[in-house]
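Those sequence lines, one after another, are chains U and F.
Per the working numbering, residue 1 is the first one in the first sequence, and the count goes up by one each step.
Per the working numbering, residue 386 is the first one in the second sequence, and the count goes up by one each step.
This report concerns only the one structure given below.
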Amino acid sequence: MKLVRALLVGAAVLALLPGCAVKTDYRALVHGYIENTMAVARAFTYTEIHAGHRAQVTGRIADDLRWEAQYTLDGQPQTHEIVADEARALQVTNPALLAGIKVAPSTPSTGTSNGGGTAAGAGPTPSPSPTPAQGAGAVQTTNGVAGADAASLAALRGGLWVEDPTGAKSLVLASTGGHTIPVGVDPVGDALRMLRSADLALSSGYDVRVFSPEAGDYFADLDPFRRPVAGETRYDINPAPQLPPRTGLEVSAAQRKAELPPYQYFQSLAIYVRNGLVDEVRESVEVTLRLQLPDQDLLARIADAGYTLPHGIYGAGRRAQADFIVKTLNSYYAQLGTPLIREHQQSLVFSKLGQDQGALTIPPGLQQASLRGIFDRGQTLGRAD
Amino acid sequence: MLAAVCVLVAALAAGAVYANAATPKAATSPAAAPSPSPTRPALAYGACPTPTTLSPGARAAKVVGGCPQPCPALNVRMPATMAGLAVTREDPCSEFRSASGKLALDAVALYGLRQPDKLLMATLEIGHFVVAAPAGDPSFRSAILDRIGDSQPQSLLVGRSTVYVSVSPSLVLVSWFRQRYLFILVLRDSYTLPKTLLRAALGIQP
């Protein structure tokens, strides 16, 4: 009995020692919550605040093949899009979004994208799955043909709806060719991809923790996210990023450049979970927050890497320092071909999780034409397991 | 010559049996184009070497032992058409052998889906797991999915079902599990209504 009691006391003491606590890996848990959420119908509101502008996308997802999204910028309607199985319908309220889209050199005046395979002769050649847009309304090449249908562009510029009956036929997730699609280029795509991006961040080696205001490295004034409300659990991804220590002067310039922070250093994510489902995802990329960390040495690292610091930068305000850091690091990231820093606040809020989203069909009687090359992002929802 | 094919996938844990019928008896229209092809070569298990049991052009079975059995057919109520394609029952595998308890499937059905001009645009294969197969086990399912197609499976939510998509040259393969059944829908990648057809196939209740 004395031995048993001693063991129990010893176990209790050990449990109280921080160094002996079992560290829980929340990655798998949060991944499970994300999977649960991807497996149900849901409504959503996506917001991105960047450079003083507010892009918002509201929509509903019945399943991965049927969704609807409305995009506004600073409160002004921009686009309205519906995808229902193979068919895709689009209305563009702001014709400026179509400015960068070129007309295909010889597009048929009628017919649809990805058509064919049945009757001989008529219609365009069936095309493979389109790759995602790299810029707002950017032209994508499919089957080696660049450009969009002239009739479609004309109708869209007039604010009309256009339906492409086979514009979304691909079942295969659109490939990005290994490149990250820059946020802000395609807000509807950003909204649809954000949950999957959060899932990918979990497998990127980031630290994942349950939010706790009592944590030793938590600074309330540096927290860009709201606190969880009753019944909600918040999981933070990359809450306290670390950089490798700066080395001495005996290393090469290339090695010193390797000590520059990657863009992920400035990125924080929070996932809010209620009843086993994600009800909100937030991302913050804000250089000024990292400049407030007690042990940060960002400007020194940039100087170590051979960049000239502007005179007086150490005495300048954090915003000026942040602007310099973003400009300098992005010039370096551009050479590497890695994602650039885009300071912003993103949020994706879900509602009506698991509920019937109502009939999600394309209204009848729309003008039918090819939408190939016009905000053509392919199969966006789904998971590459 | 139209060749319907059969793709049967079995558990890794319980032993694997694949059957592949290269030339079914259902060949009809001379205008038909080559059909969707199988995703993996067959590994026959427990087949008998009797020459008359092998269809012309079929892959030779590795003889392990056991006697040939009739192909255990799965009876499924199918509509006459799906997404505008005519549904016809095909001979699933003339070499299917039910040689031992290690088989994960005990019944199969194969349907061809053809355009009015008889061009085969898709096939739907349905297999029933034996009682001993851990049909609901995620790792069992994962092992099966890894053998379908030439790419890592991607998952999609369609209605309330999760389906798994992979590709092979010129083909898209969509698989899903329902209770103790495995469904594999194989489509030409040129087919214009794959999602409509998939939804129709998801409505099939064996």
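Every residue, glycine too, gets a C-beta built ideally from N, C-alpha and C.
Does chain F have any CB closer than 8 Å to the CB of residue i?
i	result
G382 of chain U	yes
L171 of chain U	yes
A154 of chain U	no
D323 of chain U	no
D223 of chain U	no
D63 of chain U	yes
T166 of chain U	yes
M38 of chain U	yes
D376 of chain U	no
Taking residue i as part of the alpha helix (DSSP H), name the residues at either end of that continuous run.
i	result
R196 of chain U	187 to 202
F225 of chain U	Premise fails: F225 of chain U is in no alpha helix (DSSP H) and is neither H nor E.
Y333 of chain U	318 to 336
I529 of chain F	523 to 530
L29 of chain U	27 to 38
T547 of chain F	Element bounds for T547 of chain F: not the alpha helix (DSSP H) but the beta strand (DSSP E), 546 to 553.
K580 of chain F	579 to 587
L260 of chain U	Counting along the chain, L260 of chain U falls outside any alpha helix (DSSP H), and DSSP gives it neither H nor E.
Quick one: list the residues of chain C neighbouring residue i, beta-carbon separation under 7 Å, in chain order.
i	result
L578 of chain F	The question asks about chain C, but that chain is absent: this structure's protein chains are U and F.
So if DSSP puts residue i in a beta bridge, which residue, or which two residues, is it bridged to?
i	result
G512 of chain F	F:V493, F:L567
V229 of chain U	The partner list for V229 of chain U (beta bridge, DSSP) is empty, contrary to what the question assumes.
P77 of chain U	U:T72
M467 of chain F	F:L470
A403 of chain U	Within the shown structure, residues of chain U are numbered from 1 to 385, placing residue 403 of chain U beyond reach of any answer.
E283 of chain U	U:L269, U:Q346
F357 of chain F	Residue 357 of chain F is absent from the model: chain F starts at 386 and stops at 591.
V278 of chain U	U:V273
L505 of chain F	F:R499
I237 of chain U	U:V208, U:L269
V172 of chain U	In the DSSP output, where bridge partners are listed per residue, V172 of chain U has none listed.
Would you mind sorting residue i into buried or exposed? The rule is 16 or more other CB atoms within 10 Å of its CB.
i	result
P579 of chain F	buried
Q267 of chain U	buried
A215 of chain U	exposed
D190 of chain U	buried
K169 of chain U	buried
V273 of chain U	buried
V251 of chain U	exposed
S370 of chain U	buried
N275 of chain U	exposed
Y314 of chain U	exposed
P453 of chain F	For P453 of chain F, the predicted structure reports a pLDDT of 40, less than 50, and the residue's modelled location is therefore unreliable. A value from the coordinates is still provided. Classification for P453 of chain F: buried.
L200 of chain U	exposed
A518 of chain F	buried
L336 of chain U	exposed
Q321 of chain U	buried
G231 of chain U	exposed
P165 of chain U	buried
F219 of chain U	exposed
Y403 of chain F	Unreliable positioning characterises Y403 of chain F in this predicted model, as indicated by a pLDDT of 30, which lies under 50. A coordinate reading is not provided.
T560 of chain F	Note that residue 560 of chain F corresponds to Ser in the displayed sequence, not to Thr. With 16 or more Cβ atoms within 10 Å of its Cβ, S560 of chain F is classed as buried.
G588 of chain F	exposed
A84 of chain U	buried
R545 of chain F	exposed
Using a beta-carbon distance below 8 Å, is residue i in contact with chain U?
i	result
V472 of chain F	no
T581 of chain F	yes
R563 of chain F	no
R584 of chain F	yes
T466 of chain F	no
V571 of chain F	no
Where do the ends of the beta strand (DSSP E) carrying residue i lie?
i	result
A43 of chain U	42 to 50
L541 of chain F	539 to 543
D164 of chain U	161 to 164
R301 of chain U	Unbroken run through R301 of chain U is the alpha helix (DSSP H), 298 to 304; no beta strand (DSSP E).
R209 of chain U	208 to 210
Proximal residues, the stretch 490 to 519 of chain F versus chain U, C-beta separation under 8 Å: Q500, M506
Pull out every residue of the stretch 544 to 561 of chain F whose Cβ sits closer than 9 Å to any Cβ of chain U, in chain order. G544, R545, S546, T547, V548, Y549, V550, S551, V552, V557, V559
When you check each C-beta in the stretch 522 to 541 of chain F against every C-beta of chain U, which residues fall closer than 7 Å? Q537, P538, Q539, S540, L541
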